[in-house]
Amino acid sequence: MRRAVLIAVPYLWLLALFLVPFAIVFKVSLSDTALAIPPYTPTLKDGFGALISGLDFENFVFLTQDDLYWKAYVSSLQIAFFSTIVTLLVGYPMAYAMARAPEEWRPTLMMLVILPFWTSFLIRVYAWVGILSTEGFLNQFLLWTGIIDTPLTILNTNWAVYIGIVYTYLPFMILPIYAALERLDESLIEAAEDLGCSRMQAFWLVTIPLSRNGIVAGCFLVFIPALGEFVIPSLLGGSGTLMIGKVLFEEFFANRDWPVASAVAVILLLILIIPIILFQRNEQRQQEAEQ
Amino acid sequence: MTKTMLSTVAALAVIASSAMAEEVRVYNWSDYIDESLLTKFEEETGIDLIYDVFDSNEVLETKMLAGSSGYDVVVPSGTFLQRQISAGAFQKLDKSKLPNLENMWDVISERVGKYDPGNEYAINYMWGTTGIGVNVEKVKEVLGEDAPISSLALVFDPANMEKLSACGVHFLDAPAEIIPAALNYIGENPDAQDAETIQKAEPVLTAIAPYVQKFHSSEYINALANGDICVAVGWSGDILQARDRAAEADNGVIIEYNAPKEGALMWFDNMAIPVDAPNPDGAHKFLNFIMDAQNMAAASNYVYYANGNLASQEFLVEDVIGDTAIYPDAETLEKLYTTSPYDAKTQRVVTRLWTKVKSGT
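Protein chains in written order, with the working numbering: chain A, 15 to 305; chain B, 24 to 384.
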């Protein structure tokens, strides 16, 4: 009995915070637009029977008829994928250095990684506008050193979006990898070296495989939110930056077409469910291995 | 323990006091008022004023159509006002609570009547034109001394835009204003409502889009003032604000605004009260306060937009009332056009065209 109650609590949580909102979005995605408050029909006011009979999959069919949508999904997947790779390449050495640092330094280093969270995400992204703009700090510095003689256009391009995503999500990559590397038994590397491995080989054959779980966790923590990212592409990206978050915004705000916007969101969720399931499986396997 | 108790008590006290004081929540465009007016309103009426800002009609409309926005006064532009009135988003004004209505300028009220027949739901706050702001020196550097700075050709002729892209061009992210301008440039009716005519704007816009650094409706004020960009297609007062910010910063940037000689869109921003406003009485007080001749003049003197208030004109500084970029002369006024709201189907055509222009797909 007690066990059932204990299990019921998290499930209730999921039901209230995930399933119910999803059901509402899904219902809206099957409705039609209307010039009213709220701007779709049918609503519960029309009665339950009319509500059910008024729903159809028209909006999902519409998404397949215009190449804008799949192009935006593909482009988002691409941006999220490459940002994840870059975040990994930048984050791994940092996590490695942290894990190898003298023990008394580690809390300070950890603090430095977490410190940016004390400032609002929006302000940190806005700061990049000041850094990357044509008259910004970066260009002024490069002009001053003489490396370039005309300012680089970085802001309002996809480059700025990559920089923004990598910067913002870097801590989510570093922390799980650090956690994995910190637990790594130093004597395993010594053993590998005793058995004839070079330093490099020991790194590839021992350190990387043993930090695999951290890498996988970090990659998912970066990839999943980056895919639906809206703030970074709209502040740093240019007019050519095509991401599904922006398309969703346009459907919702410019077209006032809540049903199509909801359909876009439902598909985005379906795309995200695959990596989320993979992530959960990885976590589960890790736990089983630990037991 | 005592500490938590104390903070709980403090929190409750804050909640209680905010529930007691009367509040008016106003949702207006960004950079659109002299902020000292906000304190003045609070001092005169004793009402707490909560002032939030937005930078696109679309964002406002979504909040209005979602309902329960919590705002008492909002400021939609003409076509958006009309559509939101028909969606039932606003309440009729109680004109007995608005004695300052007598200050309003009939010329403007009549034009706003196109969107709000009989001026039953809204009062005009500011009006202006959509035109071209240029950093004169940089543009002449790129295009030569005879650069067509007061013509739509400056921004719709790909040959000019190709050269201008070197110093940066921003466009408003407002399809309902840029598409009519493009139609006007090719000699079509800017107020066209049929998909076929609207589509004619597409080749004009796709030809120049690669040279546009950004489509955005508020960033250009600072970008123009800092010298980050040299041309912006934007709203009259915003560009004049950029001109003044540059002059204040004394950074050598000289900005000029022109309503294109081929004609420009004339738009009206109007204050209305949402149907579910928590404090309609306070909202009427705010509207009446804004319609006071001196207050309205203070707002215009600050934001460099013309207003719909005749009585305020004697309090306007020469910089505003005497500037034809703000109060156009009769000849320009004749060439200004207005537009009507798109229906849902046409709206989709317009948005899709706009996405195609901006992203190439």
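We put the CB at the ideal spot given by N, CA and C, even for glycine.
Any chain A beta carbon closer than 8 Å to residue i
i: Q114 of chain B; result: no
i: N51 of chain B; result: no
i: E81 of chain B; result: yes
i: G383 of chain B; result: yes
i: D75 of chain B; result: no
i: Q105 of chain B; result: no
i: K237 of chain B; result: yes
i: R371 of chain B; result: yes
i: N249 of chain B; result: yes
i: G151 of chain B; result: no
i: E357 of chain B; result: no
i: S109 of chain B; result: yes
i: T68 of chain B; result: no
i: G154 of chain B; result: no
i: V32 of chain B; result: Annotation note: pLDDT 48 at V32 of chain B (below 50); position unreliable, coordinate value reported separately. For V32 of chain B, the answer is no, since every Cβ of chain A falls outside 8 Å of its Cβ.
Exposed unless 16 or more other CB atoms sit within 10 angstroms - verdict on residue i
i: W132 of chain A; result: exposed
i: Y25 of chain A; result: exposed
i: L31 of chain A; result: exposed
i: Y140 of chain A; result: exposed
i: M125 of chain A; result: exposed
i: L184 of chain A; result: buried
i: M289 of chain B; result: buried
i: L169 of chain A; result: buried
i: E302 of chain A; result: exposed
i: W258 of chain B; result: buried
i: P233 of chain B; result: exposed
i: F71 of chain A; result: exposed
i: R270 of chain A; result: buried
CA nearest to the CA of residue i, picked from the options
i: F186 of chain A; options: A:T171, A:G178, A:A231; result: A:A231
i: I179 of chain A; options: A:L249, A:M124, A:E196, A:E149; result: A:L249
i: I222 of chain A; options: A:I203, A:L235, A:G210, A:V236; result: A:I203
i: E67 of chain B; options: B:K308, B:W290, B:P351; result: B:K308
i: L102 of chain A; options: A:S134, A:A115, A:N227, A:E149; result: A:N227
i: L292 of chain A; options: A:R213, A:W272, A:C233; result: A:C233
i: L166 of chain A; options: B:A189, B:I296, B:W150, B:K115; result: B:A189
i: V380 of chain B; options: A:W173, A:S201, A:G252; result: A:G252
i: G286 of chain B; options: B:V343, B:M319, B:D214, B:P297; result: B:D214
i: A240 of chain A; options: A:T148, A:E117, A:L286, A:E304; result: A:L286
i: L88 of chain B; options: A:F62, A:D60, A:A115, A:L49; result: A:L49
i: R197 of chain A; options: A:L224, A:L219, A:W218; result: A:L224
i: Y74 of chain B; options: B:L356, B:A306, B:T378; result: B:A306
i: D180 of chain B; options: B:M314, B:I231, B:G250, B:E271; result: B:I231
Interface flag, residue i vs chain B, CB-CB below 8 Å
i: T148 of chain A; result: yes
i: S97 of chain A; result: no
i: G254 of chain A; result: yes
i: L49 of chain A; result: yes
i: E264 of chain A; result: yes
i: P56 of chain A; result: no
i: L65 of chain A; result: no
i: N269 of chain A; result: yes
i: N170 of chain A; result: yes
i: K85 of chain A; result: yes
i: L209 of chain A; result: no
Contacts around residue i, its chain only, beta-carbon distance under 6 Å, and the 5 residues preceding and following it disregarded
i: F64 of chain B; result: L72, F312
i: A216 of chain A; result: I203, A206, E207
i: I56 of chain B; result: A322
i: D196 of chain B; result: F238, H239, S240
i: S335 of chain B; result: A316, M319, A320
i: T229 of chain B; result: V380
Residues of its chain near residue i, where Cβ-Cβ distance is below 8 Å and the 5 sequence neighbours each way are ignored
i: V261 of chain A; result: L82, Y83, A86, V278
i: Q370 of chain B; result: none
i: D299 of chain B; result: G90, S91, S92
i: M64 of chain A; result: In the sequence on display, residue 64 of chain A carries Ala and not Met. Counting only Cβ-Cβ distances below 8 Å, and skipping sequence neighbours, we find P56.
i: Q236 of chain B; result: S188, G191, V192, H193, I252
Residues near residue i in its chain [Cβ-Cβ closer than 7 Å; skip 5 each side]
i: Q264 of chain B; result: D54, I244, V326, Y327
i: V42 of chain A; result: Y54, W272, P273, S276
i: P301 of chain B; result: G93, D95
i: M28 of chain B; result: In this prediction, M28 of chain B scores a pLDDT of 48, lower than 50, which makes its location untrustworthy; the coordinate-derived value is nonetheless stated afterwards. Within the same chain, M28 of chain B has no close Cβ partners at all.
i: P171 of chain B; result: L177
Contact test: residue i Cβ vs the ligand NAP heavy atom, cutoff 7 Å
i: V274 of chain A; result: As for the ligand NAP, it is missing from this structure, which has no ligand bound.
Where in the stretch 157-213 of chain A do unbroken runs of the alpha helix (DSSP H), each at least 4 residues long, occur, reported from the N-terminal end onward? 172-196, 200-208
Length at least 3, wholly inside the stretch 155-221 of chain B: the beta strand (DSSP E) runs in chain order: 192-194
Residue ranges of each beta strand (DSSP E) run of no fewer than 3 residues wholly in the stretch 265-319 of chain B, ordered along the chain? 278-281, 288-295
At 4 residues or longer, and completely inside the stretch 318-363 of chain B: list those alpha helix (DSSP H) runs for me, N to C. 341-344, 353-358
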